[in-house]
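FYI, my numbering numbers position 284 of the sequence shown as 326, with every residue one higher than the one before it. We put the CB at the ideal spot given by N, CA and C, even for glycine. Reviewing the structure listed below.
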Amino acid sequence: MQEPLGVLVGLLADSIGISDVSLKLLICALGSIGLGIGFHLREKWFAPYSSALGWVLLGLFLYLQSPHYVEISDPVLVLMTASALPVGIALGVWEVRNWENVPEALVWFRGCVVWAVVPYYVVYSIPLLNMAVVHATAWNTEVMLEFAGLGSYQMGPMMVDLLDGGAVPVSEWQGNKWIMAEPLGENGFFVPLEHSDGTVVSVSFILACSGLQSMIVFVGAIVALGRVDWNRKLRALMIAIPTIHVLNVFRNAGIVWLTDNYTDWTVFGMEMFEFAHSYAAKFASLFAMFLMALALFDLLPELHANIMRILRPAMKSLGLETAERSST
Numbered sequence: 043m044q045e046p047l048g049v050l051v052g053l054l055a056d057s058i059g060i061s062d063v064s065l066k067l068l069i070c071a072l073g074s075i076g077l078g079i080g081f082h083l084r085e086k087w088f089a090p091y092s093s094a095l096g097w098v099l100l101g102l103f104l105y106l107q108s109p110h111y112v113e114i115s116d117p118v119l120v121l122m123t124a125s126a127l128p129v130g131i132a133l134g135v136w137e138v139r140n141w142e143n144v145p146e147a148l149v150w151f152r153g154c155v156v157w158a159v160v161p162y163y164v165v166y167s168i169p170l171l172n173m174a175v176v177h178a179t180a181w182n183t184e185v186m187l188e189f190a191g192l193g194s195y196q197m198g199p200m201m202v203d204l205l206d207g208g209a210v211p212v213s214e215w216q217g218n219k220w221i222m223a224e225p226l227g228e229n230g231f232f233v234p235l236e237h238s239d240g241t242v243v244s245v246s247f248i249l250a251c252s253g254l255q256s257m258i259v260f261v262g263a264i265v266a267l268g269r270v271d272w273n274r275k276l277r278a279l280m281i282a283i284p285t286i287h288v289l290n291v292f293r294n295a296g297i298v299w300l301t302d303n304y305t306d307w308t309v310f311g312m313e314m315f316e317f318a319h320s321y322a323a324k325f326a327s328l329f330a331m332f333l334m335a336l337a338l339f340d341l342l343p344e345l346h347a348n349i350m351r352i353l354r355p356a357m358k359s360l361g362l363e364t365a366e367r368s369s370t
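Here it is in structure tokens:
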């Protein structure tokens, strides 16, 4: 059974003569514009309404990605993407209900999402940037594996996953390398990893392996702090981005080594790659981001205050806010 909203988006895309992938990206772009207007023109009367529309559209865009994560059995991202639409609608309602006196934390959250989405959207939409990030990710992982003595590896040629099936080397791809003018397959641009003798390892690197998503979450959260001077912002960015990059290289190297050396290992019907990528590495990454946030709270207490203000409605509905107040 197909997801109904995804089917509706597909039918709408067919009716206007574009692919559903392109329509999804358009939804993302319009949502980002709506939040961008709300953040940068916050004093205008229409800012909350623009933001409300932006929250719903971005929630819809993320929600439409959930079937893919169901298909590859990634429970963490299934939960996150599936909950994005109701959360987006709830934030839109919050915007409209407080249009005369918008909380500062909600304005910060607008900017946080905008400045997280826009960099990723730019990298994804410019093939040369996309390929550069993918290549750097594969190279860093190869160097780490060699340095740690975990095997002798080499990168294969950059490949392009075509929408209609199959893959071709970038050298044979006739697409525009300056702007993503055509939809690609789900892997987009990817670099396969090989042993030094040329045998293929069953792991390839795509944009999602770069850790860029984690980095831009912190970039957005830090840059959107309007009342914080840039000296503190830059210090926070210099702590967050290199640390996430190094941790991501270790993550990728671990997944490659485990997948390559435990080919027959299974647990609950999962092979090593699925377990390491979708469960172990995912939870380790979330825990590392949690620790990173705790470290940044000391440098940027405004960040902690905004996050707690955004979470307060959910905490109140769960009865956690009362318990916290009574314990202090």
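Contact check, residue i vs residue j, beta carbons under 7 angstroms
{"i": "Leu104", "j": "Ala126", "result": "yes"}
{"i": "Glu142", "j": "Leu267", "result": "no"}
{"i": "Ser320", "j": "Ser115", "result": "yes"}
{"i": "Gly130", "j": "Trp97", "result": "yes"}
{"i": "Pro90", "j": "Val51", "result": "no"}
{"i": "Leu205", "j": "Leu226", "result": "yes"}
{"i": "Met197", "j": "Ala178", "result": "no"}
{"i": "Val159", "j": "Lys324", "result": "no"}
First and last residue of the uninterrupted beta strand (DSSP E) at residue i
{"i": "Phe232", "result": "Leu226 to His237"}
{"i": "Met222", "result": "Careful: Met222 lies outside any beta strand (DSSP E) and carries neither H nor E."}
{"i": "Val144", "result": "Where Val144 is concerned, there is no enclosing beta strand (DSSP E), given that its DSSP letter is neither H nor E."}
{"i": "Ser209", "result": "The amino acid occupying residue 209 in the given sequence is Ala; Ser does not appear at that position. Segment Ala209 to Pro211, the beta strand (DSSP E) holding Ala209."}
{"i": "Gln196", "result": "Tyr195 to Met197"}
Helix, strand or coil at residue i according to DSSP, with G and I counted as helix
{"i": "Phe247", "result": "strand"}
{"i": "Thr179", "result": "helix"}
{"i": "Asp116", "result": "coil"}
{"i": "Leu104", "result": "helix"}
{"i": "Asp203", "result": "strand"}
{"i": "Thr241", "result": "coil"}
{"i": "Arg367", "result": "Reliability of the predicted coordinates at Arg367 is poor, the pLDDT of 44 falling under 50, and no value is obtained from them."}
Presumed contact (8 angstroms Cβ cut-off) between residue i and residue j, rounded CB distance
{"i": "Phe247", "j": "Met173", "result": "Not a contact, Cβ separation roughly 11 angstroms."}
{"i": "Leu83", "j": "Arg152", "result": "About 11 angstroms; that fails the 8 angstroms criterion."}
{"i": "Gly73", "j": "Leu99", "result": "3 angstroms"}
{"i": "Leu342", "j": "Ile264", "result": "7 angstroms"}
{"i": "Met186", "j": "Phe292", "result": "7 angstroms"}
{"i": "Leu192", "j": "Trp299", "result": "5 angstroms"}
{"i": "Gly296", "j": "Val155", "result": "Contact doesn't hold; Cβ gap of about 30 angstroms is too wide."}
Range of the contiguous alpha helix (DSSP H) that encloses residue i
{"i": "Leu276", "result": "Trp272 to Asn303"}
{"i": "Asp340", "result": "Ala323 to Leu341"}
{"i": "Ala263", "result": "Leu254 to Val265"}
{"i": "Phe317", "result": "Met314 to Phe317"}
**Message:** Ignoring anything shorter than 4 residues, give me the alpha helix (DSSP H) runs that lie fully in the stretch 59-113, in order along the chain.
**Reply:** 62-82, 89-105 and 108-113
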